[in-house]
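Below is one structure; the comments refer to it alone.
2 protein chains.
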Amino acid sequence: MPRAAGLPPGTLSLLILRVVRQEPMHGYAIAQKIRTLSSDQLSVEEGSLYPALQKLLANGWVKAEWTTSETGRQVRSYRITARGLKQLESEQDDYQRMADAIAAILQST
Amino acid sequence: MPRAAGLPPGTLSLLILRVVRQEPMHGYAIAQKIRTLSSDQLSVEEGSLYPALQKLLANGWVKAEWTTSETGRQVRSYRITARGLKQLESEQDDYQRMADAIAAILQST
DNA sequence: TTGCCATCCATAGCGTATATAGGCATAGTT
DNA sequence: AACTATGCCTATATACGCTATGGATGGCAA
Chain A
1 MPRAAGLPPG TLSLLILRVV RQEPMHGYAI AQKIRTLSSD QLSVEEGSLY
51 PALQKLLANG WVKAEWTTSE TGRQVRSYRI TARGLKQLES EQDDYQRMAD
101 AIAAILQST
Chain B
1001 MPRAAGLPPG TLSLLILRVV RQEPMHGYAI AQKIRTLSSD QLSVEEGSLY
1051 PALQKLLANG WVKAEWTTSE TGRQVRSYRI TARGLKQLES EQDDYQRMAD
1101 AIAAILQST
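The listed protein sequences derive, respectively, from chains A and B. Just so you know, the first sequence maps onto residues 1 to 109 in the working numbering. Just so you know, the second sequence maps onto residues 1001 to 1109 in the working numbering.
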């Protein structure tokens, strides 16, 4: 099966960090935020999301705490750390360089 | 080792097709072209390039013929096909949609 | 009150794509 | 003769997201 509507490899942690930077959020909400912000163009599957969050936790880029959502449910809320902010900046720069480089080729005569 | 200076997964065939669209080119030249067009930002390793070219051949997106280069060496020159042009268009559209979607998230308030 | 669906967390195993590390060959340069 | 650049290619490793699966909670409709 081809990567039909998935998201480009290598960008998942970038997107998560970017979304969580705004405000602490639980996993399910992160996935939905990415979906809506991208006008349904990008979909983060849960089987991708939670392992990615574990990685972010292990690297100390986010920290998690169990809280109660507005609907009264127990949810695990992820908050970006100082190191996470640095990482976000770094990944965003890398991505931009790549995107520019690819654009240069796609626009070459 | 992390993906330090490699190129973003999913874009290799797109870049190859785009470069070969201009003029038939042999493998080694394709790699160099991508490197120079991207100002050394993207590097295509030969171990990635040739398997990718095999895939393009198998899909009928390029055809190859052995020719003699200007330096007198036997080289395998790859030329894009009509189907390859369609594929290029499709992949470029996909890439653009993704890039736009990611940009939307990275630029969100 | 039962059944269904949305929400919510998480792991195991798979598939796909690229990178690493090699092998082989020619030709020009030093 | 040795070294470097050019040139083609394969086998293996590895990274990464996806599929499939499992479980739990709670609202709502039949």
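No residue lacks a Cβ here, since even glycine has one placed at the ideal position from N, Cα and C.
Beta bridge counterpart(s) of residue i as assigned by DSSP
i         : result
Val1019/B : Paired residue(s): none; Val1019/B is not in a bridge.
First and last residue of the uninterrupted alpha helix (DSSP H) at residue i
i         : result
Glu1089/B : Ala1082 to Leu1106
For residue i, the three-state DSSP class (helix, strand or coil)
i        : result
Thr123/A : Outside the displayed range of chain A (1 to 109) lies residue 123/A, so it cannot be described from this structure.
Pro51/A  : helix
Arg3/A   : Residue confidence for Arg3/A is low, a pLDDT of 39 falling below 50, so the modelled location carries little weight and cannot support an answer.
Q. Considering only residues of the region 56 to 83 of chain A, which uninterrupted beta strand (DSSP E) runs meet the minimum length of 3 residues and lie entirely inside it, listed in chain order?
A. 62 to 68 and 74 to 80
(Q) Check whether the region 21 to 32 of chain A and the region 72 to 81 of chain A touch, using three or more Cβ-Cβ pairs below 8 Å as the test. (A) yes
**Q.** Meets three-Cβ-pair contact criterion under 8 Å: the region 52 to 59 of chain A and the region 5 to 21 of chain A
**A.** yes
(Q) I want to know whether the region 1030 to 1046 of chain B touches the region 1095 to 1109 of chain B - three or more CB-CB distances under 8 Å. (A) no
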